[in-house]
Amino acid sequence: MIFDFIHDRKFKEILERDYNELTSCFTTKSSKSILLLSGSIVESVLTDFFIENLPTGKSKNDILKSNLGTLLDFAETVKLITSKEKQLAVIIKDYRNLIHPGKEVRTKEEFDFETAKLAKILLDIILKKLRTNHFDKYGYSANETLEKLKNDWEFQSVYGMVITKLHKNEREKLLTELIKIEQTIKSNFEHYKLMSDYDPKSEISELGNLEEIKPRIQELKPLLSNDIITDQLAELKDAVIRGESIKVLSLYNLFHEEIGQLDKDDQEMIAIYMLSLYESIFEDSRDLANDKTYSTIGKYIHTKRGKEKLQTLAEFCVVHFGGDEWHVGHQMDVFQQIFNSVSTDTQDDLKKGITDFMPKERDKVSKYGLWPFYDEAVKRNIIDEKYSS
(Lines of atoms letter the chains of each structure in order from A; the text may use other names.)
(Lines give C-alpha, C1' and ligand atoms only; values in the text may rest on other atoms or scores of the structure.)
Protein backbone atom coordinates (compact mmCIF):
# COMPACT_ATOMS: atom_id res chain seq x y z
CA MET A 5 0.00 0.00 0.00
CA ILE A 6 1.29 3.46 -0.95
CA PHE A 7 0.54 6.11 1.66
CA ASP A 8 1.21 9.04 -0.68
CA PHE A 9 -2.13 10.58 0.30
CA ILE A 10 -1.08 11.18 3.91
CA HIS A 11 -0.42 14.83 4.69
CA ASP A 12 2.30 14.57 7.34
CA ARG A 13 5.62 13.05 6.27
CA LYS A 14 6.59 11.54 9.65
CA PHE A 15 3.08 10.19 10.10
CA LYS A 16 3.33 8.62 6.65
CA GLU A 17 6.54 6.81 7.63
CA ILE A 18 4.88 5.42 10.77
CA LEU A 19 1.87 4.17 8.81
CA GLU A 20 4.11 2.50 6.23
CA ARG A 21 6.00 0.78 9.04
CA ASP A 22 2.78 -0.40 10.73
CA TYR A 23 1.27 -1.60 7.47
CA ASN A 24 4.40 -3.61 6.66
CA GLU A 25 4.27 -5.11 10.14
CA LEU A 26 0.60 -5.99 9.65
CA THR A 27 1.42 -7.72 6.37
CA SER A 28 4.16 -9.76 8.03
CA CYS A 29 1.65 -10.92 10.65
CA PHE A 30 -0.11 -12.95 7.95
CA THR A 31 2.91 -15.23 7.71
CA THR A 32 2.53 -16.23 11.36
CA LYS A 33 -1.29 -15.97 11.31
CA SER A 34 -1.13 -13.57 14.25
CA SER A 35 -4.84 -12.77 14.25
CA LYS A 36 -4.90 -10.45 17.24
CA SER A 37 -2.00 -8.38 15.91
CA ILE A 38 -3.72 -8.07 12.53
CA LEU A 39 -6.95 -6.89 14.16
CA LEU A 40 -5.18 -4.39 16.41
CA LEU A 41 -3.01 -2.95 13.65
CA SER A 42 -5.95 -2.75 11.22
CA GLY A 43 -7.96 -0.76 13.76
CA SER A 44 -5.01 1.47 14.61
CA ILE A 45 -4.26 2.28 10.97
CA VAL A 46 -7.92 2.97 10.11
CA GLU A 47 -8.27 5.30 13.10
CA SER A 48 -5.04 7.08 12.18
CA VAL A 49 -5.81 7.66 8.51
CA LEU A 50 -9.35 8.82 9.22
CA THR A 51 -8.02 11.22 11.86
CA ASP A 52 -5.53 12.59 9.32
CA PHE A 53 -8.28 12.92 6.69
CA PHE A 54 -10.74 14.77 8.91
CA ILE A 55 -8.10 17.10 10.32
CA GLU A 56 -7.48 18.21 6.74
CA ASN A 57 -11.20 18.09 5.84
CA LEU A 58 -13.04 19.17 9.00
CA PRO A 59 -16.69 18.07 9.19
CA THR A 60 -19.18 20.92 9.55
CA GLY A 61 -19.12 22.36 13.04
CA LYS A 62 -16.09 20.34 14.16
CA SER A 63 -12.66 21.54 15.22
CA LYS A 64 -9.27 19.86 14.98
CA ASN A 65 -9.49 19.18 18.71
CA ASP A 66 -12.87 17.46 18.22
CA ILE A 67 -11.30 15.15 15.66
CA LEU A 68 -8.34 14.32 17.88
CA LYS A 69 -10.74 13.35 20.68
CA SER A 70 -12.96 11.21 18.43
CA ASN A 71 -12.93 7.43 18.75
CA LEU A 72 -12.97 5.06 15.80
CA GLY A 73 -16.76 4.69 15.88
CA THR A 74 -17.26 8.44 15.58
CA LEU A 75 -14.69 8.69 12.79
CA LEU A 76 -16.53 5.96 10.87
CA ASP A 77 -19.76 7.95 11.33
CA PHE A 78 -18.06 11.01 9.85
CA ALA A 79 -16.74 8.89 6.96
CA GLU A 80 -20.24 7.68 6.12
CA THR A 81 -21.69 11.20 6.38
CA VAL A 82 -19.25 12.60 3.80
CA LYS A 83 -19.78 9.50 1.62
CA LEU A 84 -16.19 8.38 2.00
CA ILE A 85 -17.55 4.89 2.76
CA THR A 86 -20.95 3.35 2.15
CA SER A 87 -23.31 2.40 4.94
CA LYS A 88 -22.63 -1.28 4.19
CA GLU A 89 -18.88 -0.73 4.47
CA LYS A 90 -19.43 1.08 7.74
CA GLN A 91 -21.44 -1.86 9.09
CA LEU A 92 -18.66 -4.25 8.11
CA ALA A 93 -16.10 -1.93 9.69
CA VAL A 94 -17.71 -2.67 13.04
CA ILE A 95 -15.39 -5.70 13.06
CA ILE A 96 -12.41 -3.35 13.21
CA LYS A 97 -14.07 -1.05 15.74
CA ASP A 98 -15.20 -3.79 18.12
CA TYR A 99 -11.80 -5.43 18.23
CA ARG A 100 -9.93 -2.11 18.60
CA ASN A 101 -9.67 -2.54 22.39
CA LEU A 102 -8.24 -6.05 22.33
CA ILE A 103 -4.96 -4.44 23.26
CA HIS A 104 -6.27 -4.49 26.84
CA PRO A 105 -6.15 -8.14 28.10
CA GLY A 106 -8.72 -7.38 30.80
CA LYS A 107 -11.18 -6.16 28.18
CA GLU A 108 -10.71 -9.37 26.21
CA VAL A 109 -11.45 -11.46 29.34
CA ARG A 110 -14.48 -9.42 30.44
CA THR A 111 -16.16 -9.31 27.05
CA LYS A 112 -15.21 -12.88 26.16
CA GLU A 113 -14.34 -11.71 22.68
CA GLU A 114 -13.60 -14.48 20.22
CA PHE A 115 -11.78 -14.08 16.96
CA ASP A 116 -9.97 -16.21 14.42
CA PHE A 117 -7.75 -15.81 11.38
CA GLU A 118 -10.76 -15.44 9.04
CA THR A 119 -11.94 -12.46 11.10
CA ALA A 120 -8.45 -10.98 10.88
CA LYS A 121 -8.38 -11.41 7.09
CA LEU A 122 -11.73 -9.61 6.80
CA ALA A 123 -10.37 -6.74 8.91
CA LYS A 124 -7.43 -6.39 6.51
CA ILE A 125 -9.78 -6.36 3.51
CA LEU A 126 -11.85 -3.58 5.10
CA LEU A 127 -8.68 -1.65 5.91
CA ASP A 128 -7.56 -1.81 2.28
CA ILE A 129 -11.00 -0.67 1.07
CA ILE A 130 -10.85 2.41 3.31
CA LEU A 131 -7.24 3.18 2.35
CA LYS A 132 -8.06 2.91 -1.36
CA LYS A 133 -11.04 5.27 -0.97
CA LEU A 134 -8.95 7.80 0.93
CA ARG A 135 -6.27 7.69 -1.76
CA THR A 136 -8.84 8.07 -4.56
CA ASN A 137 -10.46 10.98 -2.73
CA HIS A 138 -7.06 12.63 -2.33
CA PHE A 139 -6.17 12.49 -6.02
CA ASP A 140 -9.68 13.48 -7.12
CA LYS A 141 -9.20 16.60 -5.00
CA TYR A 142 -5.57 17.43 -5.75
CA GLY A 143 -5.18 16.25 -9.34
CA TYR A 144 -2.00 14.70 -10.73
CA SER A 145 0.32 12.63 -8.59
CA ALA A 146 4.08 13.19 -8.78
CA ASN A 147 4.49 10.10 -10.96
CA GLU A 148 1.77 11.23 -13.35
CA THR A 149 3.38 14.66 -13.60
CA LEU A 150 6.73 13.07 -14.45
CA GLU A 151 5.18 10.89 -17.12
CA LYS A 152 3.53 13.93 -18.68
CA LEU A 153 6.86 15.79 -18.68
CA LYS A 154 8.52 12.84 -20.40
CA ASN A 155 5.87 12.07 -22.99
CA ASP A 156 3.91 15.26 -23.72
CA TRP A 157 5.94 18.18 -25.06
CA GLU A 158 3.00 20.59 -24.76
CA PHE A 159 2.71 19.75 -21.05
CA GLN A 160 5.90 21.76 -20.44
CA SER A 161 3.91 24.97 -21.01
CA VAL A 162 1.34 24.18 -18.30
CA TYR A 163 3.68 22.43 -15.84
CA GLY A 164 3.94 25.56 -13.69
CA MET A 165 0.16 25.69 -13.30
CA VAL A 166 -0.23 21.96 -12.68
CA ILE A 167 2.26 21.85 -9.80
CA THR A 168 0.32 24.56 -7.95
CA LYS A 169 -2.55 22.06 -7.77
CA LEU A 170 -0.41 19.22 -6.41
CA HIS A 171 -0.63 18.41 -2.73
CA LYS A 172 2.53 19.29 -0.80
CA ASN A 173 3.37 15.58 -0.42
CA GLU A 174 3.24 15.15 -4.18
CA ARG A 175 5.42 18.22 -4.71
CA GLU A 176 8.01 16.80 -2.32
CA LYS A 177 7.85 13.44 -4.08
CA LEU A 178 8.22 15.18 -7.45
CA LEU A 179 11.29 17.01 -6.14
CA THR A 180 12.85 13.74 -4.98
CA GLU A 181 12.27 12.10 -8.37
CA LEU A 182 13.62 15.09 -10.29
CA ILE A 183 16.78 15.08 -8.16
CA LYS A 184 17.29 11.38 -8.94
CA ILE A 185 16.94 12.14 -12.65
CA GLU A 186 19.41 15.02 -12.34
CA GLN A 187 21.96 12.65 -10.83
CA THR A 188 21.44 10.21 -13.70
CA ILE A 189 22.01 13.01 -16.22
CA LYS A 190 25.14 14.22 -14.44
CA SER A 191 26.53 10.67 -14.36
CA ASN A 192 26.68 10.96 -18.16
CA PHE A 193 29.41 13.63 -17.93
CA GLU A 194 32.63 12.54 -19.63
CA HIS A 195 34.58 12.37 -16.36
CA TYR A 196 32.14 9.92 -14.78
CA LYS A 197 31.89 7.73 -17.87
CA LEU A 198 35.66 7.30 -17.75
CA MET A 199 35.58 6.51 -14.03
CA SER A 200 32.83 3.88 -14.10
CA ASP A 201 31.41 1.01 -16.12
CA TYR A 202 27.91 2.37 -15.50
CA ASP A 203 26.30 3.68 -18.68
CA PRO A 204 23.23 5.86 -18.05
CA LYS A 205 22.32 6.27 -21.73
CA SER A 206 19.41 3.83 -21.65
CA GLU A 207 17.93 5.57 -18.60
CA ILE A 208 18.43 8.98 -20.16
CA SER A 209 16.76 7.86 -23.40
CA GLU A 210 13.64 7.01 -21.38
CA LEU A 211 13.35 10.61 -20.19
CA GLY A 212 11.86 11.65 -23.53
CA ASN A 213 11.01 15.35 -23.46
CA LEU A 214 12.30 15.80 -19.92
CA GLU A 215 15.65 17.19 -21.01
CA GLU A 216 16.31 19.92 -18.44
CA ILE A 217 15.73 19.40 -14.73
CA LYS A 218 16.91 22.77 -13.39
CA PRO A 219 14.02 24.85 -14.85
CA ARG A 220 11.46 22.34 -13.55
CA ILE A 221 12.87 22.53 -10.03
CA GLN A 222 13.15 26.33 -10.17
CA GLU A 223 9.39 26.45 -10.77
CA LEU A 224 8.81 23.96 -7.97
CA LYS A 225 10.95 25.66 -5.29
CA PRO A 226 8.54 28.51 -4.37
CA LEU A 227 5.87 25.89 -3.63
CA LEU A 228 8.06 23.94 -1.20
CA SER A 229 8.45 24.61 2.51
CA ASN A 230 11.80 26.01 3.62
CA ASP A 231 12.31 22.83 5.66
CA ILE A 232 12.51 20.87 2.41
CA ILE A 233 15.15 23.24 1.01
CA THR A 234 17.06 23.02 4.30
CA ASP A 235 17.01 19.22 4.07
CA GLN A 236 18.52 19.35 0.58
CA LEU A 237 21.26 21.74 1.70
CA ALA A 238 22.08 19.37 4.56
CA GLU A 239 22.27 16.52 2.02
CA LEU A 240 24.61 18.62 -0.12
CA LYS A 241 26.90 19.35 2.83
CA ASP A 242 26.99 15.67 3.84
CA ALA A 243 27.71 14.61 0.24
CA VAL A 244 30.72 16.96 0.17
CA ILE A 245 32.04 15.43 3.39
CA ARG A 246 31.54 11.91 2.00
CA GLY A 247 33.07 12.82 -1.37
CA GLU A 248 29.98 11.83 -3.39
CA SER A 249 30.78 14.08 -6.32
CA ILE A 250 27.81 13.26 -8.59
CA LYS A 251 25.42 13.99 -5.75
CA VAL A 252 27.32 17.16 -4.86
CA LEU A 253 27.26 18.35 -8.47
CA SER A 254 23.55 17.62 -8.84
CA LEU A 255 22.43 19.21 -5.58
CA TYR A 256 24.74 22.20 -6.01
CA ASN A 257 23.42 22.80 -9.52
CA LEU A 258 19.84 22.70 -8.27
CA PHE A 259 20.21 24.58 -4.97
CA HIS A 260 23.27 26.85 -5.19
CA GLU A 261 21.06 29.94 -4.98
CA GLU A 262 19.99 28.88 -1.47
CA ILE A 263 23.43 28.00 -0.05
CA GLY A 264 23.52 31.33 1.77
CA GLN A 265 21.19 29.71 4.33
CA LEU A 266 24.15 27.66 5.60
CA ASP A 267 26.82 29.07 7.90
CA LYS A 268 29.82 30.65 6.18
CA ASP A 269 32.24 27.81 6.88
CA ASP A 270 29.90 25.32 5.20
CA GLN A 271 29.26 27.70 2.31
CA GLU A 272 32.96 27.99 1.57
CA MET A 273 33.63 24.28 2.05
CA ILE A 274 31.03 23.50 -0.62
CA ALA A 275 32.32 26.26 -2.91
CA ILE A 276 35.93 25.08 -2.69
CA TYR A 277 34.82 21.51 -3.43
CA MET A 278 32.90 22.69 -6.50
CA LEU A 279 35.85 24.74 -7.76
CA SER A 280 38.06 21.66 -7.44
CA LEU A 281 35.43 19.50 -9.13
CA TYR A 282 35.35 21.78 -12.17
CA GLU A 283 38.89 20.69 -13.01
CA SER A 284 37.49 17.18 -13.58
CA ILE A 285 34.26 18.07 -15.37
CA PHE A 286 35.23 21.09 -17.49
CA GLU A 287 34.76 19.05 -20.68
CA ASP A 288 31.02 19.35 -20.05
CA SER A 289 31.17 23.14 -19.77
CA ARG A 290 28.30 23.61 -22.20
CA ASP A 291 25.81 22.06 -19.76
CA LEU A 292 27.37 23.84 -16.80
CA ALA A 293 27.20 27.18 -18.61
CA ASN A 294 23.61 26.66 -19.73
CA ASP A 295 22.52 25.77 -16.19
CA LYS A 296 24.61 28.64 -14.75
CA THR A 297 25.89 26.12 -12.22
CA TYR A 298 28.81 28.31 -11.13
CA SER A 299 27.09 31.69 -11.45
CA THR A 300 26.78 32.37 -7.69
CA ILE A 301 29.86 30.59 -6.37
CA GLY A 302 31.80 33.77 -5.61
CA LYS A 303 29.25 34.75 -2.95
CA TYR A 304 30.37 31.77 -0.90
CA ILE A 305 34.10 32.57 -0.88
CA HIS A 306 34.93 34.32 2.40
CA THR A 307 38.53 33.57 3.34
CA LYS A 308 42.07 33.61 1.98
CA ARG A 309 41.86 29.85 1.41
CA GLY A 310 38.84 30.26 -0.85
CA LYS A 311 40.50 33.06 -2.82
CA GLU A 312 43.62 30.95 -3.26
CA LYS A 313 41.44 28.18 -4.71
CA LEU A 314 39.94 30.67 -7.16
CA GLN A 315 43.44 31.58 -8.33
CA THR A 316 44.44 27.91 -8.63
CA LEU A 317 41.35 27.28 -10.75
CA ALA A 318 42.11 30.29 -12.94
CA GLU A 319 45.60 28.92 -13.62
CA PHE A 320 44.10 25.52 -14.44
CA CYS A 321 41.76 27.16 -16.94
CA VAL A 322 44.60 29.10 -18.57
CA VAL A 323 46.48 25.85 -19.20
CA HIS A 324 43.65 23.45 -20.03
CA PHE A 325 41.05 25.43 -21.98
CA GLY A 326 41.21 24.59 -25.65
CA GLY A 327 39.64 22.82 -28.58
CA ASP A 328 37.52 24.42 -31.26
CA GLU A 329 35.89 27.82 -30.88
CA TRP A 330 32.64 26.21 -29.72
CA HIS A 331 34.29 24.35 -26.83
CA VAL A 332 36.43 27.29 -25.77
CA GLY A 333 33.37 29.54 -25.83
CA HIS A 334 31.47 27.32 -23.39
CA GLN A 335 34.52 26.88 -21.17
CA MET A 336 34.96 30.63 -20.99
CA ASP A 337 31.23 31.09 -20.33
CA VAL A 338 31.67 29.08 -17.12
CA PHE A 339 34.82 30.96 -16.15
CA GLN A 340 33.14 34.29 -16.78
CA GLN A 341 30.19 33.26 -14.59
CA ILE A 342 32.66 32.46 -11.81
CA PHE A 343 34.55 35.72 -12.40
CA ASN A 344 31.36 37.82 -12.43
CA SER A 345 30.16 36.23 -9.17
CA VAL A 346 33.09 37.44 -7.04
CA SER A 347 33.60 40.88 -5.50
CA THR A 348 35.35 43.67 -7.41
CA ASP A 349 38.42 43.35 -5.19
CA THR A 350 38.61 39.62 -5.84
CA GLN A 351 38.21 40.25 -9.58
CA ASP A 352 41.19 42.61 -9.45
CA ASP A 353 43.22 39.95 -7.63
CA LEU A 354 42.27 37.35 -10.24
CA LYS A 355 43.18 39.69 -13.11
CA LYS A 356 46.60 40.32 -11.61
CA GLY A 357 47.10 36.64 -10.80
CA ILE A 358 46.22 35.53 -14.34
CA THR A 359 48.38 38.23 -15.94
CA ASP A 360 51.36 37.31 -13.74
CA PHE A 361 50.81 33.62 -14.51
CA MET A 362 50.97 34.18 -18.27
CA PRO A 363 54.51 33.85 -19.71
CA LYS A 364 56.49 37.04 -20.21
CA GLU A 365 57.49 36.03 -23.73
CA ARG A 366 54.80 35.93 -26.41
CA ASP A 367 56.25 32.85 -28.15
CA LYS A 368 55.78 30.77 -24.99
CA VAL A 369 52.04 31.43 -25.11
CA SER A 370 51.99 29.48 -28.38
CA LYS A 371 54.43 26.88 -27.11
CA TYR A 372 52.26 26.08 -24.10
CA GLY A 373 48.93 26.37 -25.97
CA LEU A 374 47.59 29.26 -23.88
CA TRP A 375 46.08 31.39 -26.66
CA PRO A 376 42.53 29.97 -26.40
CA PHE A 377 42.10 31.21 -22.84
CA TYR A 378 44.09 34.41 -23.31
CA ASP A 379 42.28 35.60 -26.46
CA GLU A 380 38.83 34.94 -24.97
CA ALA A 381 39.74 36.49 -21.63
CA VAL A 382 40.94 39.67 -23.37
CA LYS A 383 37.88 39.77 -25.63
CA ARG A 384 35.60 39.48 -22.57
CA ASN A 385 37.52 42.17 -20.62
CA ILE A 386 38.48 39.67 -17.94
CA ILE A 387 42.15 40.64 -18.37
CA ASP A 388 43.97 43.40 -20.21
CA GLU A 389 46.20 42.72 -23.21
CA LYS A 390 49.71 41.71 -22.21
CA TYR A 391 51.33 41.17 -25.60
CA SER A 392 51.71 43.62 -28.44
CA SER A 393 50.67 42.48 -31.89
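Taking the working numbering, I'd label the letters of the sequence shown as residues 5 to 393. Built from N, CA and C at the ideal position, the CB exists for glycine as well.
Asked: Complete alpha helix (DSSP H) runs within the stretch 247-275 (minimum length 4 residues, chain order); Found: 249-259
Asked: Helix, strand or coil at M362 according to DSSP, with G and I counted as helix; Found: coil
Asked: Nearest-angstrom beta carbon gap, I10 and D52 [assumed within contact, 8 Å]; Found: 6 Å
Asked: Under 9 Å between C-beta atoms of I96 and G43; Found: yes
Asked: Sequence-distant residues of the same chain with beta carbon closer than 7 Å to R290, five excluded per side; Found: H334
Asked: Three-state class that DSSP yields for G357 in the structure shown; Found: helix
Asked: contact_flag[the stretch 248-268, the stretch 292-311] where n(CB pairs < 8 Å) is 3 or more; Found: yes
Asked: Contact set for L214: own chain, Cβ-Cβ below 8 Å, skip 5 residues either direction; Found: L150, L153, K154, I185, R220
Asked: Counted within 10 angstroms of its Cβ, other Cβ atoms place A238 as buried (16 or more) or exposed; Found: exposed
Asked: Endpoints, alpha helix (DSSP H) assigned at F78; Found: 72-81
Asked: 9 Å Cβ cutoff met for T359 and G302; Found: no
Asked: Residue from G73, N230, F54, E319 whose Cα sits closest to the Cα of K64; Found: F54
Asked: Integer-rounded CB distance, given that I274 should sit under 8 Å from V322; Found: So it is not a contact: roughly 25 Å between Cβ atoms.
Asked: Enclosing alpha helix (DSSP H) for L19 [first to last residue]; Found: 13-32
Asked: Beta-carbon separation (whole angstroms), P376 vs V332, contact threshold 8 Å; Found: 5 Å
Asked: Helix, strand or coil at D388 [DSSP, three-state]; Found: coil
Asked: Buried versus exposed call for N24 [16 or more other C-beta atoms within 10 Å across all chains shown]; Found: exposed
Asked: Inter-residue Cα distance where the pair is D269 and K313; Found: 15 Å
Asked: Sequence-distant residues of its chain with Cβ nearer than 7 Å to K251 (five each side left out); Found: Q187, A243
Asked: Segment limits, alpha helix (DSSP H) that includes D116; Found: Element bounds for D116: n/a, residue is neither H nor E.
Asked: Length of the line joining the Cα atoms of T86 and G212; Found: 42 Å
Asked: As assigned by DSSP and simplified to three states, the class of S284; Found: helix
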